[in-house]
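**Student:** If you scroll down you'll find the structure; I have some questions about it.
2 protein chains.
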Amino acid sequence: MQRILDEALKSASLSQLQEDCEALRAEIVRTVSARGGHLASNLGVVELTVALHRIFDFPADKLVFDVGHQCYPHKLLSDRCERFSTLRSRGGISGFPKRTESVYDCYDTGHAGTALSAALGIAKARDLKGESFSVIALIGDGAFHNGLIYEALNSLRALHTRVLIILNDNGMSISPTVGGTHDALEALKNQGTADDVRLWERYGLRYMGVYNGNDLTELLPAMQNAKEALKKESVLLHVTTKKGQGHPFCEQAPELTHGVTLGKKGAEYADALGDELVRLAEKDARIVAVTAAMTDALGLRPFFEKYPDRAFDVGICEEHACVLSAALAAGGMKPYFAIYSTFLQRAYDEIIHDVCGQRLPVTFCIDRAGVSGADGETHQGVFDLSYLSPIPDLAIAVPRSISEFRAMLRMSVSYAGPLAIRYPREGSETGVFPVEIGKFEVWRSNMSDIIIYAAGERCISLAERVCDRAAEEGIAVSLVNARFIKPIDEALLDARKERCVITLEDNALIGGLGDAVARHLRGRGKQIFAFGYKDAFIPHGDARALFSEFGPNEEDVLACVRECHARG
Amino acid sequence: MQRILDEALKSASLSQLQEDCEALRAEIVRTVSARGGHLASNLGVVELTVALHRIFDFPADKLVFDVGHQCYPHKLLSDRCERFSTLRSRGGISGFPKRTESVYDCYDTGHAGTALSAALGIAKARDLKGESFSVIALIGDGAFHNGLIYEALNSLRALHTRVLIILNDNGMSISPTVGGTHDALEALKNQGTADDVRLWERYGLRYMGVYNGNDLTELLPAMQNAKEALKKESVLLHVTTKKGQGHPFCEQAPELTHGVTLGKKGAEYADALGDELVRLAEKDARIVAVTAAMTDALGLRPFFEKYPDRAFDVGICEEHACVLSAALAAGGMKPYFAIYSTFLQRAYDEIIHDVCGQRLPVTFCIDRAGVSGADGETHQGVFDLSYLSPIPDLAIAVPRSISEFRAMLRMSVSYAGPLAIRYPREGSETGVFPVEIGKFEVWRSNMSDIIIYAAGERCISLAERVCDRAAEEGIAVSLVNARFIKPIDEALLDARKERCVITLEDNALIGGLGDAVARHLRGRGKQIFAFGYKDAFIPHGDARALFSEFGPNEEDVLACVRECHARG
Numbered sequence: 005m006q007r008i009l010d011e012a013l014k015s016a017s018l019s020q021l022q023e024d025c026e027a028l029r030a031e032i033v034r035t036v037s038a039r040g041g042h043l044a045s046n047l048g049v050v051e052l053t054v055a056l057h058r059i060f061d062f063p064a065d066k067l068v069f070d071v072g073h074q075c076y077p078h079k080l081l082s083d084r085c086e087r088f089s090t091l092r093s094r095g096g097i098s099g100f101p102k103r104t105e106s107v108y109d110c111y112d113t114g115h116a117g118t119a120l121s122a123a124l125g126i127a128k129a130r131d132l133k134g135e136s137f138s139v140i141a142l143i144g145d146g147a148f149h150n151g152l153i154y155e156a157l158n159s160l161r162a163l164h165t166r167v168l169i170i171l172n173d174n175g176m177s178i179s180p181t182v183g184g185t186h187d188a189l190e191a192l193k194n195q196g197t198a199d200d201v202r203l204w205e206r207y208g209l210r211y212m213g214v215y216n217g218n219d220l221t222e223l224l225p226a227m228q229n230a231k232e233a234l235k236k237e238s239v240l241l242h243v244t245t246k247k248g249q250g251h252p253f254c255e256q257a258p259e260l261t262h263g264v265t266l267g268k269k270g271a272e273y274a275d276a277l278g279d280e281l282v283r284l285a286e287k288d289a290r291i292v293a294v295t296a297a298m299t300d301a302l303g304l305r306p307f308f309e310k311y312p313d314r315a316f317d318v319g320i321c322e323e324h325a326c327v328l329s330a331a332l333a334a335g336g337m338k339p340y341f342a343i344y345s346t347f348l349q350r351a352y353d354e355i356i357h358d359v360c361g362q363r364l365p366v367t368f369c370i371d372r373a374g375v376s377g378a379d380g381e382t383h384q385g386v387f388d389l390s391y392l393s394p395i396p397d398l399a400i401a402v403p404r405s406i407s408e409f410r411a412m413l414r415m416s417v418s419y420a421g422p423l424a425i426r427y428p429r430e431g432s433e434t435g436v437f438p439v440e441i442g443k444f445e446v447w448r449s450n451m452s453d454i455i456i457y458a459a460g461e462r463c464i465s466l467a468e469r470v471c472d473r474a475a476e477e478g479i480a481v482s483l484v485n486a487r488f489i490k491p492i493d494e495a496l497l498d499a500r501k502e503r504c505v506i507t508l509e510d511n512a513l514i515g516g517l518g519d520a521v522a523r524h525l526r527g528r529g530k531q532i533f534a535f536g537y538k539d540a541f542i543p544h545g546d547a548r549a550l551f552s553e554f555g556p557n558e559e560d561v562l563a564c565v566r567e568c569h570a571r572g
Numbered sequence: 005m006q007r008i009l010d011e012a013l014k015s016a017s018l019s020q021l022q023e024d025c026e027a028l029r030a031e032i033v034r035t036v037s038a039r040g041g042h043l044a045s046n047l048g049v050v051e052l053t054v055a056l057h058r059i060f061d062f063p064a065d066k067l068v069f070d071v072g073h074q075c076y077p078h079k080l081l082s083d084r085c086e087r088f089s090t091l092r093s094r095g096g097i098s099g100f101p102k103r104t105e106s107v108y109d110c111y112d113t114g115h116a117g118t119a120l121s122a123a124l125g126i127a128k129a130r131d132l133k134g135e136s137f138s139v140i141a142l143i144g145d146g147a148f149h150n151g152l153i154y155e156a157l158n159s160l161r162a163l164h165t166r167v168l169i170i171l172n173d174n175g176m177s178i179s180p181t182v183g184g185t186h187d188a189l190e191a192l193k194n195q196g197t198a199d200d201v202r203l204w205e206r207y208g209l210r211y212m213g214v215y216n217g218n219d220l221t222e223l224l225p226a227m228q229n230a231k232e233a234l235k236k237e238s239v240l241l242h243v244t245t246k247k248g249q250g251h252p253f254c255e256q257a258p259e260l261t262h263g264v265t266l267g268k269k270g271a272e273y274a275d276a277l278g279d280e281l282v283r284l285a286e287k288d289a290r291i292v293a294v295t296a297a298m299t300d301a302l303g304l305r306p307f308f309e310k311y312p313d314r315a316f317d318v319g320i321c322e323e324h325a326c327v328l329s330a331a332l333a334a335g336g337m338k339p340y341f342a343i344y345s346t347f348l349q350r351a352y353d354e355i356i357h358d359v360c361g362q363r364l365p366v367t368f369c370i371d372r373a374g375v376s377g378a379d380g381e382t383h384q385g386v387f388d389l390s391y392l393s394p395i396p397d398l399a400i401a402v403p404r405s406i407s408e409f410r411a412m413l414r415m416s417v418s419y420a421g422p423l424a425i426r427y428p429r430e431g432s433e434t435g436v437f438p439v440e441i442g443k444f445e446v447w448r449s450n451m452s453d454i455i456i457y458a459a460g461e462r463c464i465s466l467a468e469r470v471c472d473r474a475a476e477e478g479i480a481v482s483l484v485n486a487r488f489i490k491p492i493d494e495a496l497l498d499a500r501k502e503r504c505v506i507t508l509e510d511n512a513l514i515g516g517l518g519d520a521v522a523r524h525l526r527g528r529g530k531q532i533f534a535f536g537y538k539d540a541f542i543p544h545g546d547a548r549a550l551f552s553e554f555g556p557n558e559e560d561v562l563a564c565v566r567e568c569h570a571r572g
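Those protein sequences? They're chains A and B, same order as listed. Counting from 5, one number per residue, gives the positions in the first sequence under the working numbering. Counting from 5, one number per residue, gives the positions in the second sequence under the working numbering.
Encoded structure:
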């Protein structure tokens, strides 16, 4: 589509604006159909974004998103319209706000709950510099339950500045929203007494509501009023919208159309998690499952359906989910806390302080480890082995296949300490083999001076290809499935005689398998070559291509093998 | 003092209970005077703890503390009375709740905001197991503003269980409490309308208040009523107490007597932070300071007094403090976010996602790095180099003295990226030398085959002693101040010819300086020996003794030097 310029938007008639909204919707559906991405959340905020662009002046005014699953209309209305069809592809438009992409994006996001803190910081900097523009935080009601929002709300008055909070209330996180704050907002929507309003005044916010946020006739004057009020004080503009608005299937199934993934879906670790947990829970009443608003994506739906009393979705609250898991374990349960790799960063202190500090038997099921692809920097799970490794008493497992993941889950039931199992989205079923904590698996053992220790399915596959190609050149290479980063298999490392040691991992090179193997082998006169992700934030793109570009690369590893061989 | 048994407490007269309270107070003052520890917070909850022990049945009922700065009366009333005089000393009673110490402690704490999540997990486990006992979360009003509490509140109803929340409202975090939630509670205290109460009902809580929480005549019946109500629903018992109650100086100066440290105070990095920031801020209007309720302990008081508009205390909200810092930087400011090493774990995702992901020039001033001593496991800052190292674009500095810290702060002003400077509490002023990002400093360069790379004041001191003792034995050793863990000084590492490389760091051995040096020197045929903290949670005790026991040890390093020399 052609860009709708702000000047045009500002002078357009209501019916023209409504046409613009439909054009934006059509473009979003077209692009997401071709590229994947977030559909229902973006369709819901089309009118809201048009109203923002009509009434405020971007990029002079600043719009801070929360998470950013609703930034597509903003991108289409700003300087990314012509390139929008490149959405989420390498070198193309990001699915999230990005300062490096446009002056219209003032703050990068991807994880939940940051918008109010960010808006307050930007507004405060404005005040200190004596500038004047409006700062707006656009927050979904799911993210509004994240603890960060509460922390920011409590400091709002003390910061003595002015921001406009737009609460985009569609009643959904990724799953439906629950909780006391949501109910307080529902009350406002349904009756709106002075006392309900006073709650927000205590936080220093003037409450204003628009309960048909997909109707421009209501939305435009409300937005104008909010802009006026913002001149004097901070404002909470509560806008209810319909997730998936204007797209019948999305309206009916917002959970299924929150994120759209294209291409043939391979086998997923998430499905195995659901299967196995249901099976294990039948025999063991201690097993419970915890998630932070990601029941479906993590494969937990079957468990939630079969064991609703033993399944806990606490909303987008990773820290609370982690402490709840620790305490369930302290109370005698066997919790499985499933989460994406980068979201677990939110609970880092709780892993150390609550779970491992008390050596409680929580099992972390860490999905989307390694590059995850089109979501970009904020979703590339390349740090987990590094940040988990220094934590005492935590065992860290990396399955080489979905089948091995199943075996690890079965093993975990009788494991009495904290355990992390990290895996990518897709994988393959192989044979089923028993797994023992801290024991590697010898995969190919050759009369060779070269050995590869590889962790995880992507790296095992890469290593096999390298071994095969090396064999064709007459170079024998041994291969070990390094399935525990911690405790590492010291006995096996001690026993292997190969002089050249190559490590492959689907993690940042700093602080993962390579460092652990090298640490153990120090002083043995071995040559060690470690392959993992470069020390860089990895942009959005195709996961396979990103793995080759930023991670271990088949040609580089083969070249390393050849060099080891040549040196004799 | 002699233990006051629960049976005695349950049958005691009011006047006897009041005498018991005074006995507890006297014992707390006596012990803290001898051992250091948290004074004002514990004095404030004496009556509250007596009421809890009179009305509930511990350890059958479960009492979960938040932070745990108010657990001394509970320890004295349970099975730690006789050993209480060993408080905070190695092998003695911990200053925080510890499951390994007593069956009366059901959940370990040390950081803020975990109690409600923990209580919910323990209560839910109870329900699933068909058991029946009361679960009580005792939370200070400072911790009540932490985001974790809000996350737990929002999930309370959905979890369908019953807990008693006791909000110990003394109007203080470590600094005075601010924020909207606090005001909502103040309103209840001052007028208490049905609408204020309804706020808590929405979260699934029956509100009850006692506004003279140091008066047993009010407290005892209120606690009994709360216990009754808890049979049917979750309860919020809002108890106002006076921090430091019964001790005139504490009542007057609760901030100064929150924590009591004994012994002659050496020079502190915190004081240098305050000094330098004030000085630098005079010349640079971009400089702002952020803290999470730790203004005094971090040395920021002079900055807050001189630049109140550029100084932000956001309460015990490390995540919000980090995002606020990132956004202030995005808005053109130069923020210094000062924080203790282990509390920064709370903001781990925000360091990655908000600060480094956008390459924003936030400077993290990380105090209490390395073992911090008497506070124990939850306060030993031994993980920061490990969890910070894998983050792209973050520079990590470790000063060798307070003077070098000052030089680093001066250097930081013109540094355009994210920077972490980590340091222990105490140190020494030395000469002043310029510092350049990523450059080590050669300290002693000898004709030698042995070189020590040491990071931080404790390790430099240790290395100097080792070098001196080695020199007496005729062994020459070179010594380098490895003051940047990242970027590491590759040019210097490349240039040095010594075959034996020893690293010393005041951090966990996994993932710190040793691994970074070894990673860079791979394939050079060097012998590398790394010294740092063992892979274990480090208990409370004397910081110096803990450093020798769990960290690099002078005798071990000297033995390593001798062995390197002997091998030739």
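Cβ atoms here follow ideal geometry from the backbone N, Cα and C, with glycine treated the same way. Keep in mind that this is a model prediction, so the values were computed, not measured.
Roughly how many angstroms separate the alpha carbons of B:CYS254 and B:LEU43, rounded to a whole number?
**Tutor:** Going by the C-alpha atoms only, they are around 8 Å apart.
**Student:** Quick one: residues in its chain with C-beta nearer than 6 Å to the C-beta of B:LEU209, no 5 flanking neighbours on either side, listed in chain order?
**Tutor:** Around B:LEU209: SER238, LEU240.
**Student:** Using the rule of at least 16 other Cβ atoms within 10 Å of the residue's Cβ for burial, across every protein chain shown, is A:PRO428 buried or exposed?
**Tutor:** It is buried - the Cβ of A:PRO428 has at least 16 other Cβ atoms within 10 Å.
**Student:** Does A:ASN158 have its Cβ less than 7 Å from a Cβ in chain B?
**Tutor:** Chain B, which has a Cβ nearer than 7 Å to the Cβ of A:ASN158, makes this yes.
**Student:** Just to confirm my understanding: we take A:ARG7, look at its own chain, exclude 5 residues before and 5 after, and list those with CB closer than 7 Å. What are they?
**Tutor:** The answer, listed in chain order, is CYS85, GLU86.
**Student:** What residue from A:HIS186, A:ARG410, A:ASN216 has the CA that sits closest to A:PRO438's CA?
**Tutor:** Selected option, being the one with the closest Cα: A:ARG410.
**Student:** For A:ASP288, count the other beta carbons within 10 Å of its own beta carbon; 16 or more makes it buried, fewer makes it exposed. Which is it?
**Tutor:** Answer is exposed; the Cβ neighbour count stays below 16.
**Student:** Might you give, ordered along the chain, the residues of its own chain that have their beta carbon closer than 7 Å to the beta carbon of A:ALA570, omitting 5 neighbours on each side?
**Tutor:** Same-chain partners within the cutoff: there are none.
**Student:** Using the C-alpha atoms, what's the distance from B:THR244 back to B:GLY3?
**Tutor:** This structure cannot settle anything about residue 3 of chain B, because the visible part of chain B is limited to 5 through 572.
**Student:** Going along the chain, which residues of its own chain have a beta-carbon closer than 8 Å to the beta-carbon of A:TYR352, five neighbours each way excluded?
**Tutor:** Only TYR391 meet the Cβ criterion.
**Student:** Can you tell me whether B:LEU67 is buried or exposed? The criterion is at least 16 other CB atoms within 10 Å of its CB, across all chains shown.
**Tutor:** So B:LEU67 ends up on the buried side.
**Student:** In the structure shown, what three-state DSSP assignment does A:LEU398 receive?
**Tutor:** Three-state result, A:LEU398: coil.
**Student:** Mapping DSSP to helix, strand and coil, what is A:SER393?
**Tutor:** Here A:SER393 sits in coil by DSSP.
**Student:** Enumerate in chain order the residues of its own chain whose CB-to-CB distance from B:TRP447 is below 7 Å, with the five nearest sequence positions on each side excluded.
**Tutor:** The residues are LEU483, VAL484, ASN485.
**Student:** Looking only at C-alpha atoms, which of B:ALA522, B:ALA480, B:ALA467, B:GLY515 sits nearest to B:GLU494?
**Tutor:** When only C-alpha atoms are compared, the closest one is B:ALA522.
**Student:** Inspect the beta-carbon positions of B:ARG363 and B:GLY442 and report whether they are closer than 7 Å.
**Tutor:** Not in contact: B:ARG363 and B:GLY442 (Cβ atoms no closer than 7 Å).
**Student:** So, B:ALA378 versus B:HIS544, is the Cβ gap smaller than 7 Å?
**Tutor:** Cβ distance < 7 Å, so B:ALA378 and B:HIS544 count as in contact.
**Student:** Less than 7 Å between the C-beta atoms of B:GLY3 and B:LEU398, yes or no?
**Tutor:** Lying before the first or after the last residue shown, residue 3 of chain B is absent from chain B, which here runs from 5 to 572.
**Student:** Name the one or two DSSP bridge partners that A:VAL292 has.
**Tutor:** Partner(s): A:PRO339.
**Student:** Using a C-beta to C-beta distance shorter than 7 Å, which residues of chain B count as neighbours of A:SER390?
**Tutor:** The answer, in chain order, is PRO394, GLY515.
**Student:** Can you give me the Cβ contacts of B:ILE542 inside the same chain, cut-off strictly under 7 Å, excluding the 5 residues immediately before and after it?
**Tutor:** Cβ within range, chain order: VAL375, GLU381, GLN384, VAL386, LEU550, PHE554.
**Student:** Since A:LYS66 sits in a beta bridge, which residues does DSSP pair it with?
**Tutor:** A:LYS66 is bridged to A:VAL139.
**Student:** Report the CB separation of A:GLY250 from A:ARG29 in whole angstroms; it is logged as a contact under 8 Å.
**Tutor:** About 5 Å; that satisfies the 8 Å criterion.
**Student:** Taking a cut of 7 Å between CB atoms, which residues from the region 355–381 of chain A lie near chain B?
**Tutor:** Correct list: ILE356, HIS357, ASP358, GLY361, GLN362, GLU381.
**Student:** Are the CB atoms of A:SER45 and A:SER82 nearer to each other than 7 Å?
**Tutor:** Taking 7 Å as the Cβ cut-off, A:SER45 and A:SER82 do not qualify as a contacting pair.
**Student:** Let me see if you follow: with CB-CB separation under 7 Å, is B:MET298 close to chain A or not?
**Tutor:** No, B:MET298 does not count as interfacial toward chain A.
**Student:** Can you pull the chain A neighbours of B:ILE126, defined as C-beta to C-beta under 7 Å?
**Tutor:** Near B:ILE126 (Cβ distances below 7 Å), the residues of chain A are ALA331, ALA334, GLY335.
**Student:** Which residue's Cα is closest to the Cα of A:ARG372: A:GLN20, A:GLY431, A:SER452, A:ALA330?
**Tutor:** Comparing Cα positions, the closest option is A:GLY431.
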